[in-house]
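Inspection log for the structure reproduced underneath, given as structure tokens.
In this note's numbering, the protein residues as written are 237 to 309.
Structure below.
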């Protein structure tokens, strides 16, 4: 599942990079929780929680249906 999540994150990165940010995969748990670290402009952005849930999580769940949630660490 980790490889599928990495591929999905590669699709997200260009959108984040357009605003000066990025995302790094930290962990994928056995129960389907993906842990990511928002970097660059995303790390201090007040909209980062919305970006995480409405953008990153939505896309990852489309690409990897076994993912239950995405959390920032």
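No residue lacks a Cβ here, since even glycine has one placed at the ideal position from N, Cα and C.
What does DSSP give as the partner residue(s) for residue 263 in the beta ladder?
Within the chain shown, numbered from 1, the residue matching residue 263 stands at position 27. Its beta-bridge partners are 271.
I need the DSSP call for residue 308, collapsed to helix, strand or coil.
Counting from 1 along the chain shown, the entry for residue 308 is found at position 72. Note: residue 308 maps to strand in three-state DSSP.
Cα-Cα separation between residue 267 and residue 295, rounded to whole angstroms:
Along the chain shown, read from residue 1 onward, the residue named residue 267 stands at position 31. Along the chain shown, read from residue 1 onward, the residue named residue 295 stands at position 59. Cα-Cα distance, rounded: 18 Å.
Going by C-alpha to C-alpha distance, which of 270, 279, 254, 286 sits closest to residue 261?
Within the chain shown, numbered from 1, the residue matching residue 261 stands at position 25. Each of 270, 279, 254, 286 was checked against the Cα of residue 261, and the nearest Cα belongs to 270.
CB of residue 249 within 8 Å of CB of residue 299, strictly
Position 13 of the chain shown, counted from the start, is the residue given in the question as residue 249. Position 63 of the chain shown, counted from the start, is the residue given in the question as residue 299. For the 8 Å CB-CB criterion, residue 249 and residue 299 do not form a contact.
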